[in-house]
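> In this note's numbering, the protein residues as written are 338 to 651.
Beta carbons: idealized from backbone N, C-alpha and C, even for Gly.
For clarity, every value in this text was computed on a predicted model and none was experimentally measured.
Pasting a structure below so you can have a look.
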Ligand code: C5P
């Protein structure tokens, strides 16, 4: 086959704890990542020239090397030069549904889809863990996006331990179109403000493990208890993003008062805010309630749900 269509789901962070500095300059993290049904569609096909071409109609999506999907194709060409010579370049068409620079891993999941798509196009037969290893070269969230589901992610975010799949939980997401938060900015700011409390890399692993507080939410996930999961959600990056972006704080406060809301949190480095809901009906009602309270067209609202997988061939 010379073309594939892939579904690339977004993620939310049910938990994000910053443990300290890493020798590579990144942060040591303890996260719980969850795939959601909101997804982009990636069409990928071989083209006879040796170029990589990205098509996307979304005004905020770059078509050059600054697009992680482009860099994923470039990485595959570099790692598998014989296959690249045999099959030629690729044309990648991104149908963007996931908000951009939102803390939902939109760019990372597109890159993961390109890795999976090129593996199929070029008959490479790579395993999930080989694809995840390639993903880690591109970005900390890319390995998770390959397989998705419900996962504990540690180290930079690329060390993955799967948790049992969650029963469906409905979710409302809110994101201002024009509001973008750079992940690098969020972490740099966090280091400036809270770096004095970081564990340093010289401290032993036991101290590092003891510093993680995700035990209760993990237990709640194992028991399939959405009420406790929602109560135990946490995101350290809220400490820097919420004070800098009052609109995000306002959304979070509005969500907290909604009927049927089990809990609310910012995802990743933001600025997307999400609410875990008791039912789909209450999720639809909350969406309408927030729309009525903030009739600003810049505000995008989605009703979605947890899913149990990452990249899938359509
Ligand atoms: O890995 P990724 O490219 O997604 O990371 C974007 C930025 O977020 C990094 O350049 C870094 O500043 C910050 N980051 C971090 N620690 C992590 C993950 C990301 O400091 N574990």
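Let's see if you can read the secondary structure: which residues bound the alpha helix (DSSP H) around residue 495?
From DSSP, residue 495 is part of no alpha helix (DSSP H); its letter is neither H nor E.
> Taking the alpha-carbon of residue 549 as reference, which of 438, 571, 500 has the nearest alpha-carbon?
571
> Consider the C-beta atom of residue 520 and the heavy atoms of ligand 1; say whether any pair is separated by less than 6 Å.
yes
> On the criterion of 16 or more Cβ atoms from any shown chain inside 10 Å, does residue 447 qualify as buried, or is it exposed?
buried
> Out of 461, 429, 414, 386, which one is the CA nearest neighbour of residue 401?
Per the Cα distances, 429.
> As a quick exercise: from 340, 370, 366, pick the residue whose alpha carbon is nearest that of residue 346.
The closest CA to that of residue 346, considering only 340, 370, 366, is found on 370.
> Less than 6 Å separating the Cβ of residue 340 from some heavy atom of ligand 1?
no
> Hey, is the stretch 635-646 in contact with the stretch 504-523, meaning 3+ C-beta pairs nearer than 8 Å?
Contact between the stretch 635-646 and the stretch 504-523 is present: 3 or more CB-CB pairs across the two stretches fall below 8 Å.
> Should the stretch 616-627 be regarded as contacting the stretch 456-465, the criterion being three or more beta carbon pairs within less than 8 Å?
Short answer: they don't touch.
> Give me the Cα-Cα distance between residue 493 and residue 595, rounded to the nearest whole angstrom.
34 Å
> Distance check for residue 528 and residue 363, CA to CA, integer angstroms please.
10 Å
> Once the 5 residues before and after residue 523 are set aside, which same chain residues still bring their CB inside 8 Å of it?
574, 577, 578, 606, 607
> Between 567, 453, 458, which has its C-alpha nearest residue 337's C-alpha?
The shown model of the chain, from 338 to 651, leaves out residue 337, and the question about it has no answer.
> Which residue wins for smallest C-alpha separation from residue 515, given the options 396, 649, 366?
Ranking 396, 649, 366 by Cα distance to residue 515 puts 396 first.
> Entirely within the stretch 448-477 and at least 4 residues each: give me those alpha helix (DSSP H) ranges in chain order.
465-475
> Tell me which same chain residues have a C-beta within less than 6 Å of the C-beta of residue 439, skipping the five on either side of it?
512, 609
> By how many angstroms is the C-alpha of residue 600 removed from the C-alpha of residue 477?
The straight-line gap from Cα to Cα measures roughly 26 Å.
> Can you name, in chain order, every residue of its own chain whose Cβ lies under 6 Å from the Cβ of residue 469, other than the five neighbours on each side?
480, 483
> Just the Cα atoms here: how many angstroms apart are residue 581 and residue 630?
22 Å
> Just the C-alpha distance for residue 653 and residue 531, rounded to the nearest angstrom, thanks.
Nothing can be reported for residue 653: it is not among the residues displayed for the chain, which extend from 338 to 651.
> Quick one: what does DSSP say residue 614 is sitting in, helix, strand or coil?
strand
> Considering only the alpha carbon of each residue, which of 547, 342, 376, 375 lies closest to residue 355?
Selected option, being the one with the closest Cα: 547.
> Quick one, are the C-beta atoms of residue 487 and residue 500 less than 7 Å apart?
yes
> Tell me whether residue 390 counts as near ligand 1, meaning its Cβ is closer than 6 Å to at least one heavy atom of that ligand.
Checking every heavy atom of ligand 1 against the Cβ of residue 390, none is found closer than 6 Å.
> Alpha carbon to alpha carbon, how far is residue 436 from residue 535?
31 Å
> Whose CA, out of 358, 453, 411, lies closest to the CA of residue 342?
453
> Would you kindly work out how many angstroms separate the C-alpha atoms of residue 621 and residue 613, rounded to a whole number?
If I take the Cα positions, the gap works out to 12 Å.
> Who are the Cβ neighbours of residue 359 in its own chain at under 8 Å, not counting the five residues just before and after it?
365, 492, 493, 538
> Once you ignore the five residues that flank residue 568 on each side, which residues in its own chain have a CB closer than 7 Å to its CB?
600
> Just to confirm my understanding: we take residue 616, look at its own chain, exclude 5 residues before and 5 after, and list those with CB closer than 8 Å. What are they?
Excluding sequence neighbours, residue 616 sits near 507, 597.
> With a threshold of 16 other CB atoms inside 10 Å of the CB of residue 372, please say whether the residue is buried or exposed.
buried
> Rounded to the nearest angstrom, what separates residue 525 and residue 636 at their Cα positions?
The straight-line gap from Cα to Cα measures roughly 27 Å.
> Just list the alpha helix (DSSP H) runs in the stretch 543-625, keeping only unbroken ones of 4 residues or longer that don't cross its boundaries, in chain order.
552-559, 563-568, 575-581, 583-593
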